[in-house]
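*Asks:*
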Ligand SMILES: [Zn+2]
């Protein structure tokens, strides 16, 4: 789905609602969206920074109370995403802006989303408050994948959110594969071929879990290079990349999910559907 100026993909995180953004400067006056947000006079930004990350927050906010913990987690988000993608290319300093609410987010970037990444500007925009956990790893992963790998093959739009969700790894108190095993048990996930053909049909939540779990499988069993090949060559190349039929690949993935979840748990899907992964 493409909306002028935005590559927009909705995900499990997005249920609540995260956008993967593209190069976006909403106002010609400023070179980057970050400059525009920093100059928005309705915000009073305070800065704390590490070698790699500049964190912007507002006085009295939840983010301020936890700023040093957050700064450390931003640093490890950068490490984690780069390590998993086996990418070293990350030259720009990352900026992270923290908002208390979606209303504040809308005032800054024009949309009431829970998270947003401007990969052209090396910046992420995050809602964080006492009731909502933030998605630094997820958003930063968008910055790295889109920045280093460019846009995916037409058949691999699902990978944008899949990779970010896979590296984040969690939804509420569940690990991705715990939810996926539950969905498989309830026959809520179609065969791999159908998912590749139309992941949108599944709805953002199930598609988000499906994609994330499949990416984790590929990355862990075959390596980041295979994920990258798929990203650029498209889903049609998968049987050749893995030297197996789609059915055999699907079986391998399902076995992988089972080994990841030796003791299946009760999953509160309703809570995930209602509130999302925060
Ligand atoms: Zn996302």
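In my numbering, the protein residues as written are 9 to 286. The beta-carbon is built from N, C-alpha and C at its ideal position, and this holds for glycine as well.
Taking C-alpha atoms, which residue in 147, 127, 128 and 80 lies nearest to residue 135?
*Replies:* As a first step, residue 135 is located in the chain shown; it is residue number 127 there, counting from the start. Selected option, being the one with the closest Cα: 147.
*Asks:* Between the Cα of residue 153 and the Cα atoms of 86, 277 and 140, which residue gives the shortest distance?
*Replies:* For this step, residue 153 is matched to residue 145 along the chain shown. The option with the nearest alpha carbon to residue 153 is 86.
*Asks:* Which term fits residue 167, buried or exposed, when burial requires 16 or more other beta carbons within 10 angstroms of its beta carbon?
*Replies:* The residue you call residue 167 lines up with position 159 of the chain shown. Residue 167 should be labelled buried.
*Asks:* Can at least three beta-carbon pairs, one atom from the segment 178-186 and one from the segment 97-116, be found at a separation below 8 Å?
*Replies:* no
*Asks:* Please name the residue, chosen from 145, 83, 178 and 113, that lies closest to residue 137 on a Cα-to-Cα basis.
*Replies:* Translated into positions along the chain shown, residue 137 becomes position 129. Out of 145, 83, 178 and 113, 113 has the C-alpha closest to the C-alpha of residue 137.
*Asks:* State the DSSP-derived secondary structure class of residue 102, mapped to helix, strand or coil.
*Replies:* Against the chain shown, residue 102 aligns to sequence position 94. Here residue 102 sits in strand by DSSP.
*Asks:* Under DSSP, the beta strand (DSSP E) around residue 7 begins and ends at which residues?
*Replies:* One cannot answer for residue 7 here, as it falls past the ends of the chain, which runs 9 to 286.
*Asks:* Helix, strand or coil for residue 107, going by three-state DSSP, please let me know.
*Replies:* Position 99 of the chain shown, counted from the start, is the residue given in the question as residue 107. Here residue 107 sits in strand by DSSP.
*Asks:* Considering just the uninterrupted stretch of the beta strand (DSSP E) at residue 134, what are its terminal residues?
*Replies:* Counted from its first residue, the chain shown places residue 134 at position 126. Counted as a single uninterrupted DSSP element, the beta strand (DSSP E) harbouring residue 134 occupies residues 131-135.
*Asks:* How is the beta strand (DSSP E) around residue 38 delimited, first residue to last?
*Replies:* Start at 1 with the first residue of the chain shown, and residue 38 comes out as number 30. Per DSSP, residue 38 belongs to no beta strand (DSSP E) and is neither H nor E.
*Asks:* Going by alpha carbons, who is nearest to residue 188 out of 202, 213 and 101?
*Replies:* Position 180 of the chain shown holds residue 188. Looking at the Cα atoms, 213 is the closest of the given residues.
*Asks:* Does DSSP put residue 117 in a helix, in a strand, or in coil?
*Replies:* Locating residue 117 in the chain shown gives position 109, counting from the first residue. Of the three classes helix, strand and coil, the one that applies to residue 117 here is helix, per DSSP.
*Asks:* Identify every residue that forms a DSSP beta bridge with residue 140.
*Replies:* As a working note, residue 140 is residue 132 in the chain shown. In DSSP, residue 140 forms a bridge with 137.
*Asks:* Expressed to the nearest angstrom, what Euclidean distance is found between the alpha-carbon atoms of residue 126 and residue 84?
*Replies:* Taking the first residue of the chain shown as 1, we reach residue 126 at position 118. Taking the first residue of the chain shown as 1, we reach residue 84 at position 76. Rounded to whole angstroms, residue 126 to residue 84 spans 19 Å at the Cα level.
*Asks:* In this structure, does DSSP put residue 285 in helix, strand or coil?
*Replies:* Taking the chain shown and counting its residues from 1, one reaches residue 285 at position 277. Residue state, collapsed to three classes: coil.
*Asks:* In this structure, does DSSP put residue 62 in helix, strand or coil?
*Replies:* In the chain shown, the residue the question calls residue 62 occupies position 54. Strand at residue 62.
*Asks:* Would you call the segment 104-113 and the segment 65-83 in contact, with 3 or more CB pairs under 8 Å?
*Replies:* yes
*Asks:* Tell me which same chain residues have a C-beta within less than 7 Å of the C-beta of residue 234, skipping the five on either side of it?
*Replies:* What you label residue 234 is simply residue 226 of the chain shown in a count that begins at 1. Hits under 7 Å: 226 and 249.
*Asks:* I need the straight-line Cα distance from residue 104 to residue 88, nearest angstrom please.
*Replies:* Here residue 104 corresponds to residue number 96 of the chain shown, with the count starting at 1. Here residue 88 corresponds to residue number 80 of the chain shown, with the count starting at 1. In a straight line, the C-alpha of residue 104 is about 16 Å away from that of residue 88.
*Asks:* Hey, quick one: how far does the alpha helix (DSSP H) through residue 56 stretch, first residue to last?
*Replies:* On the chain shown, position 48 is the one that residue 56 refers to. Taken as a continuous stretch (DSSP letters only), residue 56 belongs to no alpha helix (DSSP H), being part of the beta strand (DSSP E) at 54-57.
*Asks:* Whose CA, out of 264, 244, 273 and 219, lies closest to the CA of residue 161?
*Replies:* For this step, residue 161 is matched to residue 153 along the chain shown. For residue 161, the nearest C-alpha among the options comes from 244.
*Asks:* May I ask you to check if the CB of residue 169 is nearer than 7 Å to at least one heavy atom of ligand 1?
*Replies:* Reading the chain shown from its first residue, position 161 is the one you call residue 169. Answer for residue 169: yes, Cβ within range of ligand 1.
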